[in-house]
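Enquirer: Just passing along the structure, written as structure tokens.
In the working numbering, the protein residues as written are 1173 to 1528.
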């Protein structure tokens, strides 16, 4: 073993130990987040899901907005999530009620109010906060930056150390009849090589996100950001459905996903979604329209295809990290690879424990 190989192995162990326990948590919470909408529906069937009558049309969205205005006359309506591709999903509004942030639900077929809950207490929301901030921003963001750097370092040093026998792991396989330490080593190498590209993508994109949240935000131009303004009580003088129709006329093939209401009295109403030319690697929403809430005039049309390289790079990183770009197919592949990442991390820790 050369000096370089010894150094690579030592660094591989150090990087693995620094990030190991965090990576177990990140891979497991990542598996949950891949299917957060489905899981949230399972956990809250009477609130989040509705019966979709056969061939029934949705009520006008104005009816849902009016229901929410009656339910929260002094509340600040932030967003209305439409879920157009999920027939049995209730409309979900993000509402500020005093200091409390709520998720409120409306049946899209009847316009009836279904109920509300504290957004921060929702299981999928807590999982996301744990995955992205360790439940403690900004300290958690700095810790996860270190974890991301360690993860990338672990993948690169492991690849270097095993470079001469990288592909031979597939011919050797996992020797289940051997002692545990050999089984752990075989699993660690086999799944590590099989999921090598995925591991590198997860580490690199995760590090990029937390670099932006920490170093870039602390020292970059125009940062740190201040708190968001409180949303104002909604006083629309124009039909939401009319604005959605204008959006469809302005963006070919437009499918609205979210309506974002003004955060200040003179702010715009924004309809976010995707057009016929949507590139799934450019984000969840690749098109948007902005409107003056008093006149209903269209003031801006956004298309991610026309944005600069920095915008596209950031959103490609995001889609690669969360695996949304290919719908159910990419999410299922990411789920399997995330489980592989869990086993790679766990076996690495077991190998260290056996040699300590």
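Beta carbons are placed, not taken as given, at the ideal position from N, Cα and C, and that holds for glycine.
Keep in mind the model is a prediction, meaning the values are calculated, not measured.
Within the stretch 1321-1409, note down every full alpha helix (DSSP H) run reaching 4 residues or more, in order along the chain.
Expert: 1341-1344, 1352-1366, 1368-1383
Enquirer: Below 8 Å CB to CB, which residues in the same chain sit around residue 1356 once its five sequence neighbours on both sides are set aside?
Expert: Hits under 8 Å: 1519, 1522, 1523, 1526.
Enquirer: Which residues in the same chain as residue 1239 place their Cβ atom closer than 6 Å to its Cβ, once the five residues preceding and following it in sequence are excluded?
Expert: 1278, 1283, 1285
Enquirer: Is it right to say residue 1223 is buried, meaning 16 or more other beta carbons lie within 10 angstroms of its own, or is it exposed?
Expert: exposed
Enquirer: May I ask which residues mark the beginning and end of the beta strand (DSSP E) holding residue 1289?
Expert: 1285-1290
Enquirer: Can you give the Cα-Cα distance for residue 1262 and residue 1281, rounded to whole angstroms?
Expert: Residue 1262 and residue 1281: Cα-Cα distance of roughly 9 Å.
Enquirer: Taking DSSP's pairing of strands, which residues face residue 1431 in a bridge?
Expert: Per DSSP, the beta-bridge partners of residue 1431 are 1252, 1443.
Enquirer: Using CA coordinates, which residue listed in 1199, 1434, 1458 is at the minimum distance from residue 1507?
Expert: 1199
Enquirer: Under 8 Å by Cβ, that's how I've got residue 1234 and residue 1412 pegged, so tell me the actual separation to the nearest angstrom.
Expert: 5 Å
Enquirer: Go ahead and label residue 1275 buried or exposed: buried means 16 or more other beta carbons lie within 10 angstroms of its beta carbon, across all protein chains shown.
Expert: So residue 1275 counts as buried.
Enquirer: Based on DSSP bridge pairs, tell me the residues matched to residue 1275.
Expert: 1266, 1289
Enquirer: Following the continuous alpha helix (DSSP H) through residue 1503, name the residue where it begins and the one where it ends.
Expert: 1499-1527
Enquirer: Give me, in chain order, the residues of the same chain whose beta-carbon lies closer than 6 Å to that of residue 1191; leave out the 5 immediate sequence neighbours on both sides.
Expert: The answer, listed in chain order, is 1319, 1322, 1323.
Enquirer: Once you ignore the five residues that flank residue 1302 on each side, which residues in its own chain have a CB closer than 6 Å to its CB?
Expert: 1201
Enquirer: Give me the Cα-Cα distance between residue 1460 and residue 1440, rounded to the nearest whole angstrom.
Expert: 12 Å
Enquirer: In whole angstroms, give me the CA-to-CA distance for residue 1258 and residue 1304.
Expert: Distance from the CA atom of residue 1258 to the CA atom of residue 1304, rounded to whole angstroms, is 26 Å.
Enquirer: Spell out the partners DSSP gives residue 1221 in its beta bridges.
Expert: 1261
Enquirer: So what's residue 1467 in DSSP terms, helix, strand or just coil?
Expert: coil
Enquirer: Taking only three categories from DSSP, how would you classify residue 1482?
Expert: helix
Enquirer: Within 8 Å, do at least three Cβ pairs link the stretch 1359-1368 to the stretch 1511-1518?
Expert: yes
Enquirer: Given this structure, state the Cα-to-Cα distance separating residue 1426 from residue 1482, to the nearest angstrom.
Expert: 24 Å
Enquirer: Less than 7 Å between the C-beta atoms of residue 1221 and residue 1251, yes or no?
Expert: Annotated as distal: residue 1221 and residue 1251, with beta-carbon spacing of 7 Å or more.
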